[in-house]
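Structure first, commentary second.
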Amino acid sequence: MSNSDLTTLLPLVAVLLVAYAAMLPQLFVVQPLLLAGFTRLNPIYFLKAFWPAGVVAFTSESSIGTIPVTVRQLRGAGVPGDVASFVASLGANLGMPGCAGVWPVLLAVFAVNAQGLHYSVAQYLFLVVLAVLVSIGTVGVPGTATITATSLFAAAGLPVPFIAITQPISQIADMGRTALNVAGAANTAVIVAKTENQLDEDLYYGRKEFTEDEEAEEVEAAEAAENEEKSSLQKLGLSEGSVSLSISPNDALAGQGEDLCGIHAHPKQ
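Numbering (the numbering used here), first residue to last: 5 to 273.
Put into structure tokens, the structure is as follows:
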């Protein structure tokens, strides 16, 4: 390998190292602190429960493909099924810290410095906000960060072809980005379950194991609640999704419809 090849490769290696230097503290410091701050739970148990989902995310580079494993691990950590499924699915398309927060902004800063531009603090903050906005609705599949970065560069007036220079390291970075995205969604699911008093702390702290019987109990409880709601509607003479009034045509012609509906007209004084 010639010296010119090394000169070209070293900046890309530096970008890759900086990306992981930014993502690892997010995963092992920032998110555990957020979890502990909002819930007073020990974040070590969260990292232990999340580990299998993190490995799948790291190797598959797909947040959507990791959803079944994420939901399974969240259920085992005491998060109810409806919360786990909803937050894991939402987190695969919104609020991705790796693909929306770290990588696009890092590439933008790299491009700014490579071109010799001088950005103020306000302009860098604008890049961060813009990265979050352009990432909304992005599908959690491999290559998402490249799409987000392209949108960010176009919106910020930076040269889009510059992104192609970083493609040799993009896939390696995507492994860490996806793991961080999935961890953010799982972390949020635990916080939501705890703040809504729905988290089973015995499962979270490993004092018991999640079994199929408990899953069946959750399904039965949901069905019981649904049946109770239908029963309440039937007692009111209503059916789900519709309202019926028992007024015969003869009553309507006789002018008794208003009385049956509880509507009473008062003559003017």
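A virtual CB, placed ideally from N, CA and C, is assigned to each residue, including glycine.
Just so you know, these numbers come straight off a predicted model, no measurement behind them.
When you compare only the Cα positions, how much space is there between residue i and residue j?
| i | j | result |
| --- | --- | --- |
| valine 116 | aspartate 178 | 22 Å |
| threonine 150 | proline 108 | 8 Å |
| valine 73 | valine 60 | 8 Å |
| valine 186 | tyrosine 123 | 32 Å |
| histidine 80 | alanine 104 | Per the sequence shown, residue 80 should be read as glycine rather than histidine. Approximately 28 Å, taken between the alpha carbons. |
| glutamate 205 | alanine 53 | 13 Å |
| valine 91 | valine 164 | 32 Å |
| glycine 2 | alanine 159 | In the structure displayed, the chain extends from 5 to 273; residue 2 sits before or after that span and is not available. |
| alanine 193 | threonine 11 | 44 Å |
| leucine 137 | glutamine 35 | 21 Å |
| threonine 43 | tryptophan 55 | 20 Å |
| alanine 135 | valine 145 | 17 Å |
| alanine 112 | glycine 82 | 40 Å |
| leucine 98 | lysine 212 | 32 Å |
| valine 125 | threonine 152 | 22 Å |
| tyrosine 128 | leucine 121 | 12 Å |
| alanine 168 | methionine 100 | 22 Å |
Contact defined as beta carbons within less than 8 Å: I believe residue i pairs with residue j. What is the distance between those atoms, to the nearest angstrom?
| i | j | result |
| --- | --- | --- |
| isoleucine 173 | leucine 16 | 5 Å |
| threonine 182 | phenylalanine 62 | 7 Å |
| threonine 154 | threonine 148 | Not confirmed; about 11 Å, so no contact. |
| leucine 39 | phenylalanine 50 | 6 Å |
Starting from the Cα of residue i, find the closest Cα among the options and give me that residue.
| i | options | result |
| --- | --- | --- |
| threonine 70 | Arg79, Gln77 and Ala57 | Ala57 |
| valine 106 | Phe50, Arg79, Ala190 and Pro29 | Pro29 |
| phenylalanine 130 | Leu156, Thr142 and Leu121 | Leu156 |
| serine 67 | Asp204, Arg211, Gly188 and Ala168 | Gly188 |
| glutamine 119 | Leu207, Gln35 and Leu162 | Leu162 |
| serine 89 | Glu205, Ala197, Tyr209 and Asn201 | Ala197 |
| leucine 13 | Ser93, Thr170 and Val87 | Thr170 |
| proline 84 | Arg211, Leu207 and Ala168 | Leu207 |
| leucine 45 | Gly210, Phe214 and Leu134 | Gly210 |
| glutamine 77 | Ala190, Lys212 and Val113 | Ala190 |
Go through its chain and collect everything with a Cβ distance to residue i's Cβ below 8 Å, but skip five positions before and after it.
| i | result |
| --- | --- |
| leucine 110 | Val19, Val22, Ala23 and Ala26 |
| valine 75 | Gly85, Ala88, Ser89 and Ala92 |
Count the other CB atoms within 10 Å of the CB of residue i; is the residue buried (16 or more) or exposed (fewer)?
| i | result |
| --- | --- |
| serine 139 | buried |
| glycine 102 | buried |
| glutamate 65 | buried |
| proline 47 | buried |
| glycine 41 | exposed |
| leucine 184 | buried |
| threonine 199 | exposed |
| glycine 180 | buried |
Taking 7 Å as the limit between beta carbons, can you name the residues of its chain near residue i, skipping five residues before and five after?
| i | result |
| --- | --- |
| isoleucine 176 | Leu20 |
| valine 87 | Ala193, Val196, Ala197 and Gln202 |
Which same chain residues end up closer than 6 Å to residue i when comparing Cβ atoms and leaving out the 5 residues on each side of it in sequence?
| i | result |
| --- | --- |
| phenylalanine 166 | Ala115 |
| phenylalanine 214 | Arg79, Gly80 and Leu207 |
| valine 132 | Val109 |
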